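Comments concern the structure below.
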Amino acid sequence: MGLDSGIVTGLATVGTVLWCVQLIPQIIANFRTKDCTGLPPLMMFLWVISGIPFGIYFCIMDTQIIFQVQPHLFMFFCSISFIQTIYYPPVRLPKVKIITIVISLVIFDLGTELGFILWLKPIYREGKHWPALIFGIIASILLAIGLLPPYFELAKRNGRVVGINFIFLTMDSVGAYFSIASVAVGNQDILSLILYAIVAVLELGIFLSQLIWICRFKLITKGEDVGRVLSIGGDQTTVESFNNLDVEKQFQIMKE
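Set out below in structure tokens:
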């Protein structure tokens, strides 16, 4: 039993660490390029909002502290990335409007989490688990919907990933796999498994979309060196996935 507990804690810790820092490469990439083209603000906004029911769910259930901390750190980094997506092009909202949005989100988050946790925690301890289940379902839905906007961006560019950092995407996916393993070895909470699996599957789809685009591009160029083309505009394009609009324009010219 002690061994199982140690394994669960170890897996959960790795998953949490990855999910705590996975957005840092994306945040750095956004800061370097000063452009968030291809990274939908709606994605980050929905991820920020999903952290609220996510946090309520794990706090109500009195899960390991590592699971309770995870959604709040996730929300924090998502908030930074969300601010970048509405501050940098192509959105570029005024600073006053951005500050108003952020303050409103913080107030809403604190009020919602504190209110529901204080109200529902005693109810959960009495054996009524359905309120926690509802918040878990809401979190899962928001998390899944948040990964849909990038697919619309992919559709605009024939499947090519633009603006999404692959280091971030890899860390996020690996974090999901470790979290899945920790839940499977531990309490085998089905809802948590679904929650993490949604992230893993939808992010795998983004990877595959880029891979398919590269294969198609190689066919279009009739065997030209894809690595040479991917390096247009600097080495950063290999991990930042064509963040720079100038690179995108160069590619369109090459196709023509």
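For the sequence shown, the positions run -6 to 249 when this note's numbering is used.
All C-beta atoms in this analysis are idealised placements derived from N, C-alpha and C, irrespective of residue type, glycine included.
Remember, it's a predicted structure, so these values are computed and weren't measured experimentally.
With DSSP collapsed to three states, give me the class of residue 33.
-> coil
With 16 other Cβ atoms within 10 Å as the buried cut-off, status of residue 153 | buried
Does the Cβ-Cβ distance between residue 33 and residue 160 come in under 8 Å?
-> no
Does DSSP put residue 16 in a helix, a strand or coil?
-> coil
How long is the line joining the alpha carbons of residue 26 and residue 50, rounded to whole angstroms?
-> Their Cα atoms are separated by approximately 36 Å.
Assign residue 85 to one of three DSSP states: helix, strand, or coil.
-> coil
Thinking residue 53 and residue 114 are a contact (beta carbons under 8 Å), I'd like their distance in whole angstroms, please.
-> 5 Å
Residue 225 to residue 77 span [Cα, whole Å] = Bear in mind that a pLDDT of 36 at residue 225, under 50, signals an unreliable position, so the number given afterwards is only what the model happens to contain. Those two C-alpha atoms are separated by around 25 Å.
Closest Cα partner of residue 43 within the set 66, 57, 55 = 66
Mind the definition here: the region 56 to 65 touches the region 139 to 148 only if three or more C-beta pairs lie below 8 Å; say whether that holds.
-> no
Mind pulling the alpha helix (DSSP H) runs of 4 or more residues that sit fully within the region 65 to 142?
-> If we require 4 residues or more, the alpha helix (DSSP H) runs fully inside the region 65 to 142 come out as 88 to 118, 123 to 139.
Top-ranked residue by Cα proximity to residue 83, from 28, 148, 108, 101 | 28
The alpha helix (DSSP H) spanning residue 168 covers which residue range?
-> 159 to 178
Between the CA atoms of residue 174 and residue 21 - distance to the nearest angstrom = 29 Å
With DSSP run on the structure shown, which of helix, strand or coil describes residue 10?
-> Of the three classes helix, strand and coil, the one that applies to residue 10 here is helix, per DSSP.
With a CB to CB cut of under 6 Å and the five nearest residues on each side skipped, what residues in its chain are close to residue 128?
-> 46, 49, 50
State yes or no: is the C-beta of residue 178 within less than 8 Å of the C-beta of residue 4?
-> yes
Of all the options 116, 103, 147, 56, which has the alpha carbon lying nearest to the alpha carbon of residue 198?
-> 147
So which of 131, 125, 185, 94 has the shortest CA-CA distance to residue 169?
-> Residue 169 has its Cα closest to that of 185, out of 131, 125, 185, 94.
Exposure label - residue 55; buried when at least 16 CB within 10 Å | exposed
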